[in-house]
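Residues in the sequence shown are numbered from 0 upward in steps of one, following numbering that gives the first Met the number 0.
Even glycine gets a Cβ: it sits at the ideal position worked out from N, Cα and C.
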Amino acid sequence: MRKAVITSIILILLNGFSFVNINQNNTMRDLYQYKIIEAGSIQPTGWIKEQLKRDLVEGYIGRYDEVNKTVNHNVFINQNRISKRRFGIRKEWWSGEHEGYWKDAVIRMAFLTANKDYIEKSEHWINELKNVTKDKNYIGIYDDCETDGCRFNHKRGNGELWTTSRILMAILAYYEYTHDKEALEMAEGAAKLIMQKYKDDNYFAVKERGGGVSHGIGFFENLEYLYRITGNQEYLNFSVKLYHDFNKGRMRDEDLATMQLLDDELFEGHGAHIAEGLFVPEYIASIDDNVKFTNAADRVIEKLNRHLTPGGAMRCDEWIKGREGTADERYEYCGIAEMISPLNKMISFTGDFDLADKIETMTFNAGQGARFPVLSALSYLTSDNRIQINHRELIKRESYDAAHVAAACCALNGARLMPYYVEGMWMKKADENGIVAVLFGPGELKTTINNMEVEITEETNYPFSDEILFTITPLKPVKFTLIIRKPYACDNIDINIPSNSKVSQTDNIIRIDKIWESGDQVNVKFNFDIKEVSQKASKTVKKEGAYFKRGPLVYALPFDYIKKRVKEHLNSGFYRYKITAVDSTKWNYTLNPEDEFKYVADTEKSDLHPWDEPVVKLKGTLRDKKNNKQNVELVPMGNTIFRRVTFSATGK
Numbered sequence: 000m001r002k003a004v005i006t007s008i009i010l011i012l013l014n015g016f017s018f019v020n021i022n023q024n025n026t027m028r029d030l031y032q033y034k035i036i037e038a039g040s041i042q043p044t045g046w047i048k049e050q051l052k053r054d055l056v057e058g059y060i061g062r063y064d065e066v067n068k069t070v071n072h073n074v075f076i077n078q079n080r081i082s083k084r085r086f087g088i089r090k091e092w093w094s095g096e097h098e099g100y101w102k103d104a105v106i107r108m109a110f111l112t113a114n115k116d117y118i119e120k121s122e123h124w125i126n127e128l129k130n131v132t133k134d135k136n137y138i139g140i141y142d143d144c145e146t147d148g149c150r151f152n153h154k155r156g157n158g159e160l161w162t163t164s165r166i167l168m169a170i171l172a173y174y175e176y177t178h179d180k181e182a183l184e185m186a187e188g189a190a191k192l193i194m195q196k197y198k199d200d201n202y203f204a205v206k207e208r209g210g211g212v213s214h215g216i217g218f219f220e221n222l223e224y225l226y227r228i229t230g231n232q233e234y235l236n237f238s239v240k241l242y243h244d245f246n247k248g249r250m251r252d253e254d255l256a257t258m259q260l261l262d263d264e265l266f267e268g269h270g271a272h273i274a275e276g277l278f279v280p281e282y283i284a285s286i287d288d289n290v291k292f293t294n295a296a297d298r299v300i301e302k303l304n305r306h307l308t309p310g311g312a313m314r315c316d317e318w319i320k321g322r323e324g325t326a327d328e329r330y331e332y333c334g335i336a337e338m339i340s341p342l343n344k345m346i347s348f349t350g351d352f353d354l355a356d357k358i359e360t361m362t363f364n365a366g367q368g369a370r371f372p373v374l375s376a377l378s379y380l381t382s383d384n385r386i387q388i389n390h391r392e393l394i395k396r397e398s399y400d401a402a403h404v405a406a407a408c409c410a411l412n413g414a415r416l417m418p419y420y421v422e423g424m425w426m427k428k429a430d431e432n433g434i435v436a437v438l439f440g441p442g443e444l445k446t447t448i449n450n451m452e453v454e455i456t457e458e459t460n461y462p463f464s465d466e467i468l469f470t471i472t473p474l475k476p477v478k479f480t481l482i483i484r485k486p487y488a489c490d491n492i493d494i495n496i497p498s499n500s501k502v503s504q505t506d507n508i509i510r511i512d513k514i515w516e517s518g519d520q521v522n523v524k525f526n527f528d529i530k531e532v533s534q535k536a537s538k539t540v541k542k543e544g545a546y547f548k549r550g551p552l553v554y555a556l557p558f559d560y561i562k563k564r565v566k567e568h569l570n571s572g573f574y575r576y577k578i579t580a581v582d583s584t585k586w587n588y589t590l591n592p593e594d595e596f597k598y599v600a601d602t603e604k605s606d607l608h609p610w611d612e613p614v615v616k617l618k619g620t621l622r623d624k625k626n627n628k629q630n631v632e633l634v635p636m637g638n639t640i641f642r643r644v645t646f647s648a649t650g651k
């Protein structure tokens, strides 16, 4: 092995619309710079696999049909819904959304953890859908009748495209895990039926005050997924047509329409809508190079950055309202989980690895900090700085719960966070002659590169460790490029590489070219610094403040709490909780320029359960109300319920 030390690295960051018929000679490399690898090729190990196993078996997700009746209506089998006809207090399409979320989560988790019982359950679900859809190709929730409100016949609000899009994500994942061609044919049949039905009509032209129609932006995710699997240009053609319709629509949520993106206003609408469709402008700009599409796509991340909290989430207490992100702004769990897949896609289109920093920050901080270590409950609405939970709210969105009164969407999406993180851990170069380590964590990759079977293991406890060991095992020696992302403007990276390697770098990647042989290893160590990040004044931060981040982890001052079960759901063993802070004495501690912190790793704590108890800390001092130094320990935000992330700064 020879060693290279990389230091002082700085990360850098027409008129009218067009409807194009994509040239059949275009190839995937025209759309993608990097390709998301099919589900099943990446298997988590270490703490990620352990969390997925516990969530599936010990948490609520594997038994959600015992927790909340919303997933028990079997709406894709019964197909008996009429649009704008409520079921109790719920809109008719909510159960379709929930059932799609649930099955997508369980299918992915079952295969990622090799759980035979849940794999069999997944197979049963898919076979049920095959039996129902084989004659008419329809995979949806609506009745096959002739009146207003029936399938493909909606004059008012509906969830036609949205509900289908959620179950198609589950079906397509199942296909990639099993290579069941009938599952793919079923998904293609359903997608092509929608394409045929709306060939000459604008689905988004329906005027409604609710969000069902604008949720139809989720269907773009299916179209991209199907194109990635099949290479069929029809899916790209219809994507551009559908976005043209979206731009002319009359929906409630239009923040991702081209003209809205081009204006200077920040995002205003429903956060989950924006999260799930975040990739669409970039996707369309990658297909059609109309300058307006390109300029609009460029504004998406520019606007998103203004709304991000220190923990990486997009602020939205349902609605974004044009407000900028701070440690005191609330955010919805759906907005976290639904954004991972779109950001993965945006990386694949653009090669912008700064987006991977966003995914990791959001996943490891806001995402883990709004749930229990085992997914038995989570918080629908959360903030980074938090010393109390509003348990009096009628729909109890701040409560830790397995089935919120407001809706089941966030509880279900909590189980989709890590499967979609795993999806983005590795990507292939579009020309198929290289592989990229995009999101870091323990795992194994099995794929083909330059027509050769290759296995790569990634041994690490990242983000709780700076060190990663990659072991490359090709079936036979093969030449390809291994690319490793440089995270978080890290300017001090140690790398050990095999002899006869050619190493180069840019601002955001390390590139290693070699004829790889079985057992070759690459060891990388990111020597992250503790960064003090400024934040402007907010509700609990006077004047200006700062928070601490090291690598992907944001650190917080934790507060002890009492947790009490207040409601059990359907005798399931899963609950709503009332949680109160025990002592808030340190809540008003402030930060002085003289205060310093030191990074400390606790080697005695469990590497497999790092969210149960902190395995890393920052030790240092803060100031009490008399400006006296007080010794404190900051822990990863994901280890906390009550915490202060951003501190008011004094003495400047």
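Beyond the five residues adjoining it in sequence on each side, Ile-125 comes within less than 6 Å, by CB distance, of Tyr-173 and Ala-182 in the same chain, given in chain order. Counting every other CB atom within 10 Å of its CB across the protein chains shown gives Asn-570 a total below 16, marking it as exposed.
Fewer than three Cβ pairs drawn from the segment 488 to 505 and the segment 442 to 450 lie within less than 8 Å of each other, which leaves the two stretches out of contact. From the listed residues Pro-473, Gly-270 and Lys-597, the smallest Cα separation to Glu-516 is found for Pro-473.
Shown here for Glu-281: same chain residues with a beta carbon closer than 8 Å to its own, the five before and five after excluded, namely Ala-296, Val-299, Lys-344, Met-345, Phe-348 and Thr-349 in chain order.
The segment 622 to 631 makes no contact with the segment 362 to 371: fewer than 3 CB pairs, one atom from each, lie closer than 8 Å. In this structure, Tyr-234 places its C-beta atom within 7 Å of the C-beta atom of Tyr-226. Distance from the CA of Glu-466 to the CA of Pro-43, rounded to the nearest whole angstrom, comes to 17 Å. Here Pro-341 carries a helix assignment [DSSP, helix/strand/coil]. For Lys-428, the beta-bridge partners assigned by DSSP are Tyr-33. By the Cβ criterion, the segment 29 to 37 is not in contact with the segment 103 to 118, since fewer than three pairs of Cβ atoms, one from each stretch, lie closer than 8 Å. For secondary structure counted as the alpha helix (DSSP H) over 4 or more consecutive residues, the segment 376 to 441 holds these complete runs in sequence order: 408 to 412 and 416 to 422. Contact annotation: the segment 592 to 601 does not touch the segment 421 to 436, with fewer than three C-beta pairs closer than 8 Å. By the C-beta criterion, the segment 381 to 392 is judged to be in contact with the segment 575 to 584, since at least 3 inter-stretch pairs fall below 8 Å. The closest CA to that of Gly-442, considering only Leu-192, Val-205 and Leu-111, is found on Leu-111. Taking 7 Å as the cut-off, the Cβ atoms of Val-523 and Ile-496 do not count as close. Look at the beta carbons and you see the segment 474 to 484 not touching the segment 556 to 565: under three pairs across the two are nearer than 8 Å.
Each of Asp-383, Cys-409, Asn-499 and Val-212 was checked against the Cα of Lys-90, and the nearest Cα belongs to Val-212. Inter-segment contact for the segment 600 to 608 and the segment 541 to 559 is absent: fewer than three beta-carbon pairs are separated by less than 8 Å.
Here Gln-534 is bridged, per DSSP, to Gly-544. Leaving aside the five residues that flank Gly-139 on each side, the residues in its chain whose CB is nearer than 8 Å to its CB run, in chain order, Phe-75, Gln-78, Gly-95, Arg-150, Glu-159, Thr-162, Thr-163 and Ala-189. Straight-line measurement puts the Cα of Asp-611 at about 45 Å from the Cα of Phe-292.
Inter-residue distance for Asn-304 and Glu-145 is about 46 Å (C-alpha atoms, whole angstroms). Less than 7 Å separates the beta-carbon of Gly-413 from that of Arg-370. Taking C-beta atoms as the reference points, Tyr-202 and Gly-215 count as a pair closer than 7 Å.
Within the segment 194 to 268, no run of beta strand (DSSP E) reaches 3 residues while sitting entirely inside it.
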